[in-house]
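Accompanying notes for the structure given below.
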Amino acid sequence: MNFYEHTLIAKQDISTAELEKIEKKYNDIITKTDGKIIKVEKWGLLNFAKKIKAYNKGFYIHYKFEAENKTLEEINKNSVIDNSLLRHLTVKYKKLDTETEYFKETNEKKKQ
Amino acid sequence: MKRKNNKFNKRPQNPLNKLSLFQKSDSRFSKKCPLSGKEAPTIDYKNIKLLKRYVSDTDKIMPSRITSVSQSKQRKLTSEIKKAKILGLI
Chain Z
0 MNFYEHTLIA KQDISTAELE KIEKKYNDII TKTDGKIIKV EKWGLLNFAK
50 KIKAYNKGFY IHYKFEAENK TLEEINKNSV IDNSLLRHLT VKYKKLDTET
100 EYFKETNEKK KQ
Chain X
0 MKRKNNKFNK RPQNPLNKLS LFQKSDSRFS KKCPLSGKEA PTIDYKNIKL
50 LKRYVSDTDK IMPSRITSVS QSKQRKLTSE IKKAKILGLI
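Below you can see the structure in the form of structure tokens.
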């Protein structure tokens with residue numbers, strides 16, 4: 000078992016109900032294939048530095064989990080086909096730090 | 000012991016002591032690496048504030064001879080910057 004981080008970018012024109020569906024879908028994939036979810040972070044709507052497929056903004060969802068190789072294959076298979084996603088990235092870690100959140104401050108300022 | 004002390008006690012020479020104009024001075028300009036040390040910030044693709052300091056205006060990675068980052072940290076910086084570019088953060 001290794002530690003991983005996975006981030007998804009969903010399209011901007013998706014409704015909130017669909018966003019929750021996407022989040023639940025990848026939650027289930029990890030838990031079904033004997034993985035352990037440690038943390039889920041929603042970074043919210045962020046601006047891109049450059050346009051990606053004619054979109055200027057996107058919803059970011061960030062997972063931290065512990066799993067084996069077969070869950071990564073499942074996630075990759077599903078996210079390549081998925082039409083509501085723009086990009087995705089998985090990174091392997093020896094140690095996860097769950098304390099520091101780099102995107103928390105920007106989200107709170109927007110709400111106020 | 001003498002040799003060890005010589006390494007750290009490089010004082011700026013008087014320019015008139017040189018044999019010729021083109022002789023290099025003993026004390027070279029050097030700066031410590033800002034990313035290594037005890038209280039160094041963590042290099043990570045989510046830490047955009049730090050990564051943006053090491054990227055030019057046209058999104059190129061700055062060379063270490065300008066930023067004086069050590070070689071092992073420069074290798075880590077490039078990989079993290081490329082990850083951030085995939086996610087559209089930089």
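As they're listed, the protein sequences go chains Z and X.
For reference, each letter of the first sequence is one residue, going 0 to 111 in numbering that gives the first Met the number 0.
For reference, each letter of the second sequence is one residue, going 0 to 89 in numbering that gives the first Met the number 0.
C-beta atoms are modelled at their ideal positions from N, C-alpha and C, and glycine is treated no differently.
query, result
"With DSSP as the reference, label residue 79 of chain Z as helix, strand or coil.", "helix"
"Is it buried or exposed, residue 36 of chain X, if we count other Cβ atoms within 10 angstroms and call 16 or more buried?", "exposed"
"Could you tell me whether the Cβ of residue 45 of chain X comes closer than 8 angstroms to any Cβ of chain Z?", "yes"
"Whose Cβ in chain X lies nearer than 7 angstroms to the Cβ of residue 48 of chain Z?", "87, 88, 89"
"Check for me: the beta strand (DSSP E) holding residue 86 of chain Z runs from which residue to which?", "84-92"
"Where does residue 65 of chain Z sit, in a helix, a strand or coil, going by DSSP?", "strand"
"Going by DSSP, name the residue or residues bridged to residue 98 of chain Z.", "Note: residue 98 of chain Z sits in no beta bridge, so no partner."
"For the stretch 42-62 of chain Z and the stretch 7-21 of chain Z, state whether three or more C-beta atom pairs, one from each stretch, are separated by less than 8 angstroms.", "yes"
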